[in-house]
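Undergrad: First the structure, which I've put down as C-alpha cells, then a few questions once you've had a look.
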Amino acid sequence: MTEAQRTGSAAGGGVGVAVTAAVEGMVQFDELYDQPDPRAYFRVLGPLDYRTPGHAQGIFRRLRSVLDPMGEGPPPTVLDLCCSYGINAALLNHDVTLDELYARYTSHEAASMSTAQLAAWDREFFAGRRRSDRVRVVGLDIAPRAVAYGRAVGLLAEGFAENLEEGPPGPALRRAVREARLITVTGGTSFLSQRTFRPLLSAARGPVWVAAFVLRTTSYAEIAGCLAAFGLATERAAPTFPQRRFTDERERRYAVDTVAAAGHDPEGRESDGYFHTALHLSRPTSDVVMTPLDTLVP
Numbered sequence: 111m112t113e114a115q116r117t118g119s120a121a122g123g124g125v126g127v128a129v130t131a132a133v134e135g136m137v138q139f140d141e142l143y144d145q146p147d148p149r150a151y152f153r154v155l156g157p158l159d160y161r162t163p164g165h166a167q168g169i170f171r172r173l174r175s176v177l178d179p180m181g182e183g184p185p186p187t188v189l190d191l192c193c194s195y196g197i198n199a200a201l202l203n204h205d206v207t208l209d210e211l212y213a214r215y216t217s218h219e220a221a222s223m224s225t226a227q228l229a230a231w232d233r234e235f236f237a238g239r240r241r242s243d244r245v246r247v248v249g250l251d252i253a254p255r256a257v258a259y260g261r262a263v264g265l266l267a268e269g270f271a272e273n274l275e276e277g278p279p280g281p282a283l284r285r286a287v288r289e290a291r292l293i294t295v296t297g298g299t300s301f302l303s304q305r306t307f308r309p310l311l312s313a314a315r316g317p318v319w320v321a322a323f324v325l326r327t328t329s330y331a332e333i334a335g336c337l338a339a340f341g342l343a344t345e346r347a348a349p350t351f352p353q354r355r356f357t358d359e360r361e362r363r364y365a366v367d368t369v370a371a372a373g374h375d376p377e378g379r380e381s382d383g384y385f386h387t388a389l390h391l392s393r394p395t396s397d398v399v400m401t402p403l404d405t406l407v408p
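Heads up, the working numbering is the position in the sequence shown plus 110, with the first residue counted as 1.
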C-alpha cells in the first residue's frame, strides 16, 4: 500500500508528482506523501482546496479540552494516524491556520531553501507559536521521510514509520501509545482496518477516544465494530465537511454514485464538486452521555 493509496484523497499534478491509475475511482499521487519536506504537499493540495486538517483543528482542540478540562499534570498524549509531515500536530499545538501553512510552504522564500534550511526555519517558527495547552503528539505513518520531518521540526514528540495493516506494532510504538487519550485521523480510513486499530487500542492503558474524518465514499462499519469491542460507541456527526475538489469528471461521477448507493444525498455536497467527509467520534458510553456530540461539533 503506497502513501497515496493510504489517503486516496490528495491532489493535482503539474509539480513533478507522479499520477497513477485511480484507486476505487479516486486519483492517487504516489510521490506526494513521502518527500523530504512538505512543500510539494501544500503546492499540490492548494489548487484543489484541500481543507480537512483545517476543519479538524477546532474540533480536535475541543476534544482535548474535554479530555483534560483542568489542564493540570503532564500534557495528554494524542496519536495521529497517517500523520504525514505533522500537519495536524502543527494546527493542534500552535497558533497557526491551515491557510497560513499553505502560504508559508508555497512562498518564494520557502522555494529558495534546502530541506535543512526549511527545517531550521520551521523549528524557529513553530517554537514561537506553541500554545500553552499543547498536547504530546505521537505520529504514525508508513512514510518514513515525512515522519522524520515532523520529528525534526518539533511537531511530533515521537514518530513511527510502520504499516500495521501488514504487521504488528514494534515495542517502541506500543510504549509510545500507552498513555494515549485521543486517536485522530484526517485522511486514510479508506485504507485502514481493524488490523491497525486493534493493536493500538490493546496497547493503551486507559479509555481512548477516536476521532476520524471519513470520506462519505467509504464505510466505517468495520472499524466501528472493532472499536465497539473495546467499549467505544461510535457516533457520526450531522454536518459534513468539504475535503477537496475533484480532479476530473471521473472522480465526480464516482463520488456521486458511491454516496448515493450508500443511502446518502450528494446534492449540495459531492454534486457541487467536492469530496466530503463526516466526523466519526468513538467514546466510552459514559462519555457519550455526559458530553453530547452536538456540543463538540459546530
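A virtual CB, placed ideally from N, CA and C, is assigned to each residue, including glycine.
1. Mind checking whether Tyr-151 and Tyr-215 have CB atoms under 9 Å apart?
2. Work out the CA separation of Trp-231 and Pro-281 for me, nearest whole Å.
3. Relative to the alpha-carbon of Arg-308, which residue among Glu-359, Glu-275, Ala-322 has its alpha-carbon at the smallest distance?
4. What residue range does the alpha helix (DSSP H) around Phe-235 cover?
5. For Thr-418, does the count of other Cβ atoms within 10 angstroms reach 16, so buried, or fall short, so exposed?
6. Applying the criterion that 16 or more other CB atoms from any shown protein chain within 10 Å of the CB defines a buried residue, is Ser-392 buried or exposed?
7. Spatial neighbours of Tyr-160 within its chain, please: C-beta separation below 6 Å, excluding the five flanking residues on both sides.
8. Answer with buried or exposed for Glu-380, where buried requires no fewer than 16 other C-beta atoms within 10 angstroms of its C-beta.
9. Could you give the distance in angstroms between the alpha-carbon of Arg-233 and the alpha-carbon of Arg-255?
10. Looking at the structure shown, is Asp-382 part of a helix, part of a strand, or coil, going by DSSP?
11. Using DSSP's beta-bridge definition, name the partner residues of Leu-266.
12. Candidates Leu-158, Leu-173, His-165, Gln-138: which alpha carbon is nearest Leu-403's?
13. Note down, in chain order, each residue of its chain lying with its Cβ closer than 8 Å to the Cβ of Arg-149, except the 5 sequence neighbours on either side.
14. Grab me the residues of Arg-261's own chain with a C-beta within less than 7 Å of its C-beta, minus the 5 sequence neighbours each way, in chain order.
15. Would you check if the stretch 373-388 and the stretch 320-333 touch, i.e. whether three or more CB-CB distances between them fall below 8 Å?
16. Tell me, which residues are paired with Ile-293 by DSSP?
17. Considering only C-alpha positions, which residue in the set Arg-246, Gly-196, Arg-239, Arg-241 is nearest to Pro-186?
18. Which whole runs of the beta strand (DSSP E) in the stretch 337-379 are 3 residues long or more, in chain order?
19. Taking Ala-213 as the reference, give the member of Ala-371, Leu-337, Glu-289, Val-154 with the closest Cα.
TA: Straight from the coordinates:
1. yes
2. 33 Å
3. Glu-275
4. 225-237
5. Outside the displayed span of the chain (111 to 408) sits residue 418, for which this structure offers no information.
6. buried
7. Taking C-beta separations shorter than 6 Å and ignoring five residues to either side along the sequence, the partners of Tyr-160 in its chain run Arg-354, following chain order.
8. By the neighbour-count rule (16 or more Cβ atoms within 10 Å), Glu-380 is buried.
9. 17 Å
10. For Asp-382, the secondary structure class from DSSP, reduced to helix, strand or coil, is helix.
11. For Leu-266, which the question treats as bridged, DSSP gives no partner whatsoever.
12. Leu-173
13. Closer than 8 Å at Cβ, skipping near neighbours: Tyr-215, Thr-216, Ala-220, Ala-221, Leu-228.
14. Gly-269
15. yes
16. Leu-189, Val-320
17. Arg-246
18. 342-355
19. Val-154
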